[in-house]
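Below is one structure, written out as structure tokens, with a few remarks after it.
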Amino acid sequence: MSSSTSKLDLAARAAWMYYVAGNTQNEIAERLGISRQMAQRMVAYAADANLVKVQITHPVSSCLELAQGLQERYGLDVCRVVPGAGGAGNPNESQEVQQMLAVAGAELMEQYLGSEAPLVVNVGSGRTLKAAIERLSELERPQHQIVSMIGAFASDGSANRYDVALQAAEKLGARFYLLPAPRVAESESDRQQWCNHRAYKIVTGLAERADVTFLGIGTIALQGAMHEDGFIDDGEVAELQRQGAVGEMICHAFDIDGVMLPSSLSARVTTPPLTQRPQRPVIAFCGGSKKAEAVRAALRGGWLTGLVTDEVCARHALQD
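What the sequence shown shows, in the numbering used here, is residues 245 to 564, in sequence order.
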């Protein structure tokens, strides 16, 4: 790598951390192992070199290489990798990675959503997906149809704050379809009643015809999204972990190899099933050291055609 390319990489990395993750110059210096003065110069150099506009226009070379590696290893059609935020040693890692993923994710989503042709768009849930949708430009696409892939409420009637399909529809001025069922039913028989409803079948039938799907990847853990939001309790987390669950997508739990696990939870989940080796785009947004195992497992299972992640997860997924 030439010295000029290396300097651009360093400047781009510093710009990501400063403009997107919101790091101070002292924090940038510490995490990149350079002086504060050098960090200041790199941020200024990024602006002078026209790397900084609305987005960072010069991607870090290592991120490009990791994205290419993931595409080749897992047969992805599209992949974006953003710089890492220092791993588990950084107490603000999750927030900083989420901000960077939101920028990259919104840019990728707009490539699909900007289509003039009518689209059916499936939208899952998750904090990172929510952050990406918040970054979307206002696009007037009333011809699109936005479908929520997860149940509209919890068993106690409370709404899921990370069900972001409605927010996406509002950004596009598009028609919105919610899944008229609790995310997790009280029993298997209760699930059957919800899923046999005419309105439920209309929405899931539309979801099956989706032109593109955007979703998040969660962990099966105490304080993981499903547990924190009250959809599963401590005992259910423990049960799934005993079965080897490491992650979930739209409430479907999977093991380290990406195999979907039958369980008392899966018998009550109302979200439509995912399809292995999908023929149409299914793109996940997820990053951070706590999600690395789940991201790799989802890739191993062949559930995705696209991924927006960070360096930590990318490197972990390429260790196989």
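Where a beta carbon is used, it is the ideal one built from N, C-alpha and C, also for glycine. Just so it is clear, the structure is predicted and the values come from calculations on it, not from any experiment.
Quiz item: Considering only residues of the segment 339 to 378, which uninterrupted beta strand (DSSP E) runs meet the minimum length of 3 residues and lie entirely inside it, listed in chain order?
Solution: 364 to 367
Quiz prompt | 8 Å Cβ cutoff met for VAL347 and THR553 | solution = no
Quiz item: Going along the chain, which residues of its own chain have a beta-carbon closer than 7 Å to the beta-carbon of ASN270, five neighbours each way excluded?
Solution: ARG280
Self-check item: Short Cβ contact (8 Å threshold) for MET493 with ILE461
Solution: yes
Quiz item: Which one of SER369, GLY532, ALA291 has the shortest CA to CA distance from HIS496?
Solution: SER369
Quiz item: Can you list, in chain order, the stretches of the beta strand (DSSP E) that have 3 or more residues and sit fully within the segment 380 to 430?
Solution: 389 to 397, 419 to 426
Quiz item: Is CYS530 helix, strand or coil by DSSP?
Solution: coil
Exercise. Taking MET344 and ALA429 to be in contact with their CB atoms under 8 Å, please state how far apart those CB atoms are, rounded to whole angstroms.
Key: The Cβ separation is near 36 Å, so there is no contact.
Quiz item: Roughly how many angstroms separate the alpha carbons of VAL296 and LEU252, rounded to a whole number?
Solution: 12 Å
Self-check item: Where the alpha helix (DSSP H) through SER449 begins and ends
Solution: In the sequence under discussion, the amino acid at residue 449 is Gly, which differs from the Ser named in the question. Per DSSP, GLY449 belongs to the alpha helix (DSSP H) from 442 to 452.
Quiz item: Should the segment 328 to 337 be regarded as contacting the segment 360 to 379, the criterion being three or more beta carbon pairs within less than 8 Å?
Solution: no
Quiz item: Which stretch, first to last residue, makes up the alpha helix (DSSP H) that contains VAL456?
Solution: Per DSSP, VAL456 belongs to no alpha helix (DSSP H); it is in the beta strand (DSSP E), 456 to 460.
Quiz item: Using the C-alpha atoms, what's the distance from GLU480 back to HIS560?
Solution: 27 Å
Self-check item: Three or more C-beta pairs below 8 Å linking the segment 389 to 398 and the segment 409 to 422
Solution: yes
Exercise. Could you tell me the distance, in whole angstroms, from the CA atom of SER507 to the CA atom of TRP547?
Key: 19 Å
Self-check item: Spatially closest choice to ASP477 from ILE446, ILE500, VAL447, LEU509, by CA coordinates
Solution: LEU509
Quiz item: Should LEU320 be counted as a contact of the ligand ATP given a C-beta to heavy atom distance under 7 Å?
Solution: Only the bare structure without any ligand can be found here, which leaves the ligand ATP out of the picture.
Practice problem: Pick helix, strand or coil for ARG524, following the three-state DSSP scheme. | Solution: coil
Quiz item: Which term fits ILE446, buried or exposed, when burial requires 16 or more other beta carbons within 10 angstroms of its beta carbon?
Solution: exposed
Practice problem: Label LEU551 either buried or exposed according to how many other C-beta atoms from any shown protein chain fall within 10 Å of its C-beta, with 16 as the threshold for buried. | Solution: buried
Quiz prompt | Neighbourhood of GLU452 by C-beta distance below 8 Å, restricted to the same chain and skipping five residues each side | solution = PRO516
Quiz item: Under three-state DSSP, which class holds ALA283?
Solution: helix
Exercise. Mark ASN267 as exposed unless 16 or more other C-beta atoms lie within 10 angstroms of its C-beta, in which case mark it buried.
Key: buried
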